[in-house]
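Reviewing the structure listed below.
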Amino acid sequence: MSHAAQSGSVQEVEGETNLRENQCRVFFPMEVGNIREVTNYNAKGKVTGSVRQEVKQVSKTPQGVRVSVFNTMYDKKGEVISSGEIAMQCQDNEFHADAKLLLDPNTMGPFKNMDVQVESVDIIYPSKMYVGQLFPEAQVSVRATMSGVSLPPISIRAMDRKVLAIESVTTPAGTFECYKIGYEIQVKALLSQKMRGTEWIAEGVGMVKSESYDKRGKLVGQTVLTLMK
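1 is the number of the first residue of the sequence shown in the UniProt record's numbering; add one for each residue after it.
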């Protein structure tokens, strides 16, 4: 199955028909029942977890559209770590994605079967995007309690987000015309660390691939879109 643009560059692709007047481009599937699955790998290419996302509701808003998605995380054995709804929507001609998307099975694994509270600042994608463009930062924080005892919180910030290129990317789910976005990742927990990240996103699809690197530029892990239907 191929999702590459049929003609012109990704910059010329218009949004969905019912959104053109609002000039909002949606970087996620828009039909109820659409399913995405992404697989997480370590630097050696071994599976560390996966995430399944199913579109449950699509509703029109004065500014475009709101997409409700049921998000389920699995560990490397296929056992559920966590599940819940995430939302994306158009706002001021920008696409706002829930920053819970910054969380992966490796991060959430230790919180399995705990009472978890998540706060976030949306991941924003402007309708008009070009190489060299800078985006606002995104952030997500996780607080958990076990038997009434609070555990040290974890926060993840995606900073200095910038469009690096426009590239065609092929994964097991198909071929997609993508924006390549680079950013700095700051993780604060018991031990804080900084990394660099790169993601490839496509209109109507979402994140197609992402990679993270340590401060020496060595690959730490990657996430790949492995199924879309």
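Think of the CB as a built atom: it goes at the ideal place given N, C-alpha and C, for glycine as much as any other residue.
Quantities reported herein were computed from a predicted structural model and do not represent experimental measurements.
Original post:
Short check: CB of Ala99 to CB of Ala43, under 7 Å?
Top reply: no
Subject >> Cβ neighbours of Pro152 in the same chain (closer than 7 Å, five flanking residues each side left out) >> reply: Ala189, Leu190
Subject >> Exposed unless 16 or more other CB atoms sit within 10 angstroms - verdict on Pro62 >> reply: exposed
**OP:** Locate the alpha helix (DSSP H) running through Asn106, then write down its first and last residues.
**Re:** 105–108
Original post:
Do you know offhand how far Met228's Cα is from Ala173's?
Top reply: 6 Å
Subject >> Limits of the unbroken beta strand (DSSP E) element including Met228 >> reply: 219–228
Subject >> Straight-line Cα distance separating Ile86 from Val47 >> reply: 24 Å
Subject >> The beta strand (DSSP E) enclosing Leu164, as first and last residue numbers >> reply: 154–171
Original post:
Pro105: buried (16+ other C-beta within 10 angstroms of its C-beta) or exposed?
Top reply: buried
**OP:** Helix, strand or coil for Ala99, going by three-state DSSP, please let me know.
**Re:** helix
Original post:
Which residues bound the beta strand (DSSP E) around Glu199?
Top reply: 193–202
Subject >> Assumed close pair Val55, Val32 - CB separation to whole angstroms, cut-off 8 Å >> reply: 6 Å
Subject >> Residue range of the unbroken beta strand (DSSP E) whose run includes Asn40 >> reply: 35–42
**OP:** For residue 244, name the three-state secondary structure that DSSP assigns.
**Re:** For residue 244 there is no data in the structure shown, the boundaries of the chain being 1 and 229.
**OP:** Let me know the secondary structure DSSP gives Phe27 once reduced to three states.
**Re:** coil
Subject >> Inside the stretch 55–89 only - alpha helix (DSSP H) runs reaching at least 4 residues >> reply: none
**OP:** Give the DSSP bridge partners of Lys215, in chain order.
**Re:** Note: Lys215 sits in no beta bridge, so no partner.
Original post:
Can you tell me where the beta strand (DSSP E) with Ala189 in it begins and where it stops?
Top reply: Per DSSP, Ala189 belongs to no beta strand (DSSP E) and is neither H nor E.
Subject >> Short Cβ contact (7 Å threshold) for Ser82 with Met114 >> reply: no
Subject >> Close Cβ partners of Gln6 (< 7 Å) along its chain, the five nearest in sequence each way excluded >> reply: For Gln6, the pLDDT reaches just 34, beneath the cut-off of 50, and the residue's location in the model is therefore unreliable, although a value from the coordinates is still provided. Contacts found: none.
Subject >> Other residues of its chain near Glu21: CB distance less than 7 Å, five sequence neighbours each side excluded >> reply: Low confidence applies here, because Glu21 scores a pLDDT of 43, under 50, leaving its location unreliable and the question unanswered by this model.
Subject >> Proximal residues to Arg25 (C-beta, below 7 Å), its chain only, five neighbours per side dropped >> reply: Gly15, Phe95, Ser127, Glu203
Subject >> Contacts around Met73, its chain only, beta-carbon distance under 6 Å, and the 5 residues preceding and following it disregarded >> reply: Val51, Ile81, Ser82, Pro105, Met108
**OP:** Mind checking which residues open and close the beta strand (DSSP E) that includes Ser127?
**Re:** That residue, Ser127, is in no beta strand (DSSP E); it is neither H nor E in DSSP.
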